[in-house]
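In the numbering used here, the protein residues as written are 39 to 405.
Just so you know, even glycine gets a beta-carbon here, dropped at the ideal spot from N, CA and C.
Keep in mind the model is a prediction, meaning the values are calculated, not measured.
See structure below.
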């Protein structure tokens, strides 16, 4: 779209140059109001507010709904962070440093990579780690003071994600002390970069478990390559493979095809519980007696269903306390819910309908 003024590139700052108490400015889309401006300040430079692990800046911006992804400026006029989440009284910003590797990859024509092992980390104070989780007291001197001020912390395994490498070698409560020989302390960003550099290889971790040190080697996979890149629309439902984030969300180790949404009154709206927005957490594991382990299996099975005839699926509903497999009898009218499959086009940033040249809009988002 043409603009009648000269565009000017912003300058990017650095997370390491921020200080507690420093003033911040957010220019966003708060409550759907364009270019709304918020004033705040830094209250903590390193909190873990991510869904897996990640360092965030805790700031005093009030409710900033609608401003996710907006720039956060420091007092030098530089973008120091990107707004990520918030409440009525607090806000959490992703340090701009996380964007540098991705920007470098994109500008050089390379693929963005995100190393992961399937672990969920939290920060615990060193005192708590020593008193309750068996970290040797002499390690306090080696860890030293926190680089970001305040009480020094260490990384603790809060959980692991089913079917990922970490599930078999790490346990909740483990203190992750070193990675590839590097002392981690509370530097979640450092841990993230170590994994990014080890994609396709493995990372060596030194872990304290109940006071005993143990060394484990964990394969590192590329989380970016496991994003949802293909989905199907059929019988009023949306279907895609089970992603890592879904396994994390509901601690799911089962295989099948996931249905996050169905249109009210449609065939698949009868497959399980739906909230007021028609969202679901349903895993289809069988169609007319045919096992479904992936989206490809589901598409193949759905193609054999005839309009007007009764069929059945076996599903697990993770919105319910009892998520055991249950059969559901369904009747299909393919005139209103034909099978359609879409593929993500990384060049056009659109969902292309398979079998057609033009892209297609969709309610599904990538992770």
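Cβ-based burial, residue i [other Cβ within 10 Å; buried from 16]
i	result
residue 321	buried
residue 146	exposed
residue 406	Outside the displayed range of the chain (39 to 405) lies residue 406, so it cannot be described from this structure.
residue 360	exposed
residue 190	buried
residue 48	exposed
residue 238	exposed
residue 406	The requested residue 406 is not part of the displayed model; the chain covers only 39 to 405.
residue 319	buried
Close-in-space but distant-in-sequence residues of the same chain around residue i (CB under 8 Å, 5 per side omitted)
i	result
residue 180	221
residue 371	305, 345, 346
residue 194	159, 160, 161, 162, 167, 171, 211, 212, 213, 214
residue 41	none
Top-ranked residue by Cα proximity to residue i, from the options
i	options	result
residue 197	340, 155, 280	155
residue 121	364, 129, 115	129
residue 114	363, 185, 269, 56	56
residue 302	64, 315, 69, 293	315
residue 138	387, 363, 52	52
residue 99	229, 72, 63	63
residue 117	135, 230, 126	135
residue 258	81, 50, 153	153
residue 209	277, 293, 248	248
residue 68	125, 90, 82, 50	125
residue 199	243, 289, 86	289
Distance CB(residue i)-CB(residue j) smaller than 7 Å
i	j	result
residue 226	residue 54	no
residue 79	residue 104	no
residue 192	residue 164	yes
Residues near residue i in its chain [Cβ-Cβ closer than 6 Å; skip 5 each side]
i	result
residue 143	150
residue 365	350, 352
residue 354	321, 361, 363
residue 75	65
residue 123	130
Nonlocal neighbours in the same chain, by C-beta distance under 7 Å from residue i, ignoring five residues either side
i	result
residue 73	65
residue 183	190
May I have a chain-ordered list of the alpha helix (DSSP H) segments no shorter than 4 residues that lie completely inside the stretch 43-123? none
Please go through the stretch 277-348 and give each complete beta strand (DSSP E) segment of 3 or more residues, from N-terminal end onward. 295-300, 317-325
Segments of 3+ residues assigned as beta strand (DSSP E) that fall wholly inside the stretch 140-222: 157-163, 191-198, 213-217
Write down every uninterrupted run of the beta strand (DSSP E) in the stretch 220-277 whose length is 3 residues or greater and which is fully enclosed by it, in chain order. 240-247, 250-257, 268-272
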